Each structure stands twice: as C-alpha cells, then as structure tokens.
Amino acid sequence: MKVAITRPAVYLTESIAIARSYGFDTFAAPMILLRPVEDPRFDSFIHRLFEEEVDFVIFTSANGVRYAFDLVRSQEPFINALNRTNVVAIGPKTDKSLKEKGITAKIIPKEYSSLGIVDILSPIVDGRDVEIIRSDRGNVKLNESLKRAGAIVHEANVYTGVSPDGSWLVRAKELIKKILDRDIDVLTFTSGMTVNNFFEIVREMGLYEEMREICGEMLIAVIGRETARALRNFGVNADVIPNAYTFEAMMDAVFLNRCVR
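Here it is as structure tokens:
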C-alpha cells in the first residue's frame, strides 16, 4: 500500500520512517515550504515577556518554537523568561521542541489542536495576558475564542507556509499525476495549509473535479478535526482522523483501517 506524505520537507525523513515502520510504501511531496517572517509584534511580545506582563505563551507548532528562537539573539534570558510564565504546547512534538530548548510546557491540551487549547484555557484566562506564537496562517478561531473567555490576546507571527515552487512544485505535480493514475492508496494531510496548497495546485492544473472524484474513491487521512474541516471546504471528506493528533497516530489509524480486519 502506497501512502502520500504532504508534510513540510523538514519532517519528511521522520515521516517516511514512521510510515515504513507500518509496512507502507511512500511517496513524499511537501505541500508547504516554510519561510521566516518579520513581524514587529514579536518585538512587542519580547518586551512584555521581559517586563513580566505575560501570563500564558502558546506555541501552536514545533515550527513556531524553531522560528521564534531564530529571532532571539540572547537565548538564555529568553528561556528563563518563558519558564517564568505558563507555556502552552499544542501537542507532544511542540513540547519536545520546547524541552530541547530548556523550556517546560506547563499546559498541553488533551486534544492536540487549537480547539483543545481553547477548551483547557478558557476557564482560566479571564483578564490574563495570552501570547500566541505561530504562523501567519493560524486559525483565527483560537484568538477569537480566548478573547470571548476574557483573555487579553496578542499574536506574533514567526513563519509562514507558502505553496511549493521549483523542484518541490515538480514533485507536487508528480504526486497529483500518481493520484490520477491511481498509483496512491492513501492521501494524508497534516494541516489546513497542506490541504489548501494541494487543491490550489490541482486547480491550476485544471484537474479539480477529477481530483474530487478520485478522492472519493481512495482513503483520505487527516491529522485532526481542523484539517478535516479544511478538506470539506473542497467537497472532500476525511476517512481517517486519529484520536491523538500526531503523524504516528494517523499512520496507526490508517493501518488499523486498511490492514486489520
């Protein structure tokens, strides 16, 4: 069984190894290229952090951790300041990235998603300063929901995800051709951005309706509810959503769906 992996290139080696550990063949074509961004709000965040005006700092991905640290010159004071606040990691991968930097995440939601963060923070953020460090394509519902819970919310963007170009675009089109040739059994998505960029390329190739039809015939696996919602915007339903929102849990769910009867 051949599984298509659409995660950013930085995760491909790890993702391919996980998929192969379940006995799957793989074809990897990243649907996101990650790029740093300059956001003046990050400097404002740093100022509030060092002035000890911050109550919660939310990291919504391991990428957010990596790109945030790329922006900080004096990392030890930054680490110490973060550890004096309540750091929130969206899931175990983000938590691992924080630990590698010497930061303890005091809060990790049961559901590894923006919705999970809202559920766990809403009862405790009224009147508190909440900082969100993430990409410029983050889910606005996180901000809105925390504001409704009474939080003072600030967001700083440290990276963006753009559509593949160059050799990666060639690779993406090769994946699309393989899907149309029915050479892919399972198509996986790990974020709304991977979904949006995939279908943007499909539309540019003039293959949208054909792709929608084929997606209805193959197994589609997504990493969580928010990614499934992004997929539905294109008229496609997810067949597999793992209970834990990680790539390994998604591969496990695919294995149970297809290989265990």
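Residue numbers for the sequence shown follow the numbering used here, beginning at 293 and rising by one. Backbone N, C-alpha and C define an ideal beta-carbon position, used for all residues, glycine too. Computed from a predicted structure; not experimentally measured.
What does the Cβ neighbour count give for residue i, buried or exposed, with the cut at 16 atoms within 10 Å?
i      : result
Asp531 : buried
Ala387 : First, the amino acid is wrong: residue 387 is Asp here, not Ala. Per the 10 Å Cβ criterion, buried.
Lys385 : buried
Leu252 : The structure shown does not extend to residue 252, since the chain spans only 293 to 553, so no value can be given for it.
Val379 : buried
What are the start and end residues of the beta strand (DSSP E) that includes residue i?
i      : result
Val532 : Segment: none, Val532 is in no beta strand (DSSP E) and carries neither H nor E.
Ser366 : Where Ser366 is concerned, there is no enclosing beta strand (DSSP E), given that its DSSP letter is neither H nor E.
Asn525 : That residue, Asn525, is in no beta strand (DSSP E); it is neither H nor E in DSSP.
Val478 : Val478 to Phe481
Asp421 : Asp421 to Ser427
Lys398 : Careful: Lys398 lies outside any beta strand (DSSP E) and carries neither H nor E.
Val295 : Lys294 to Ile297
Tell me the residue span of the alpha helix (DSSP H) that contains residue i.
i      : result
Pro332 : Pro332 to Phe342
Ala309 : Leu304 to Ser313
Val462 : Gly458 to Leu472
Arg440 : Val432 to Arg440
What is the DSSP secondary structure of residue i, reduced to helix, strand or coil?
i      : result
Ala321 : coil
Phe555 : Any question about residue 555 goes unanswered here, given that the chain covers just 293 to 553.
Val379 : strand
Ser414 : helix
Gly453 : strand
Thr386 : helix
Ser353 : coil
Glu403 : coil
Arg358 : helix
Asn549 : helix
Ala373 : helix
Ala541 : helix
Ala448 : strand
Run the proximity test for residue i: is its beta-carbon closer than 7 Å to any non-hydrogen atom belonging to the ligand NAP?
i      : result
Tyr537 : Annotation note on the ligand NAP: not contained in the displayed structure, which lists no ligands.
Exercise. Taking only runs that begin and end inside the region 486–522, name each unbroken alpha helix (DSSP H) of 4 or more residues, in chain order.
Key: Within the region 486–522, the complete alpha helix (DSSP H) runs of at least 4 residues are 500–507.
Quiz item: Are the region 417–428 and the region 386–404 in contact at 8 Å, needing three or more beta carbon pairs?
Solution: Touching, no, given that fewer than three Cβ pairs across the two stretches are closer than 8 Å.
Quiz item: Does the region 401–411 come close enough to the region 429–443 that 3 or more CB-CB pairs lie under 8 Å?
Solution: Note that the region 429–443 touches the region 401–411; at least 3 beta-carbon pairs, one per stretch, sit closer than 8 Å.
Quiz item: Quick check: the region 518–532 against the region 355–366, are there 3 or more CB pairs under 8 Å?
Solution: Using a C-beta cut-off of 8 Å, the region 518–532 makes no contact with the region 355–366, since fewer than three inter-stretch Cβ pairs fall below that distance.
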